[in-house]
Amino acid sequence: MLTGLFLKERGRDTMTAEDVAVLEDSIDEVRSIPARTIVIRRDERVRYSSLLLEGVMCRYMDDRQGNRQIVAFHVPGDFVDLHGFAMRHLDHDVATLTPVRVALAGHDGLERIVAGYPRLTRLLWFSTLLDAAMHREWVFRLGRLEADGRVAHLFCELHARLTMVDLVRDGKFRFPVTQIDLAEAVGITPVHLNRVLRSLRERGLMTFRSGDVHIQDLEALATLADFDPGYLYGGGPTLDRMSR
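Below, the structure is given as structure tokens:
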């Protein structure tokens, strides 16, 4: 099942067998894309939306000097550019950070869902609203937290999201991006990020080595980050649940 991770632990259990079948039928193609590939360029006409099956993708914007600001990370189960269905083009770029597999849902198929399946349409809408909730939290993180809090918050969020799709074991998960990528997501320099990661490691909170993440003290990390997973709208996720 290509869409099996979509909204897992965030409303997937409300999908009927018909909903699942219709969503599966909307997939036109499965594509493998290499790492560091721009998938959609800003202002480009968008004709399909991508459900991420494997790997890590991001959305980002460049300033006039060409400096990148990552505005979202995407993990398996995310409909990366579903909002492009309504908007027809994006105001940012979408790229892969690792090799990925994506399931492509053509917008003609999504039009048929909107026309004939209001329940499934609401779930797709819910997915885009989750993206908006995460964006608001990212604004909070960048605007109100110090560097160590920003990094801690990002890893708490990733831990929560990957737990929902069963990609965390004993506080450990893979997130094979570079420290430059992480720095561009939290708005600090790579040198500063390296110092923060070292500090978090020395305090026994977490480690990040070559894409392997180990959250050693989730409660303390969440306290440092002022992290509350409510904005992810999980099926009652708690720190105890996420730490398993």
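In my numbering, the protein residues as written are 6 to 249.
Backbone N, C-alpha and C define an ideal beta-carbon position, used for all residues, glycine too.
Small disclaimer: the values here were computed from a predicted structure and weren't measured.
For Q74, the enclosing beta strand (DSSP E) begins and ends at 73-79. Excluding five sequence positions before and after L87, the CB atoms of its chain that fall closer than 7 angstroms to its own CB belong to S54, L129, S132, T133, given in chain order. For secondary structure counted as the alpha helix (DSSP H) over 4 or more consecutive residues, the region 143-172 holds these complete runs in sequence order: 152-169.
Taking C-beta atoms as the reference points, Y65 and V51 fail to come closer than 8 angstroms.
In the structure shown, R50 falls within a strand segment according to DSSP collapsed to helix, strand and coil.
Shown here, A108 sits in a strand according to DSSP, grouped into three states. I193 counts as buried, since at least 16 other C-beta atoms from the protein chains shown sit within 10 angstroms of its C-beta. Within its own chain, the residues whose Cβ lies closer than 8 angstroms to the Cβ of E49, once the five positions on either side in sequence are excluded, are H94, L95, listed in chain order. Annotated three-state conformation of F11 is coil, per DSSP.
Annotation for M92: the continuous alpha helix (DSSP H) segment containing it runs 89-92. Nearest Cα to D24 within the set F11, D33, G176: F11.
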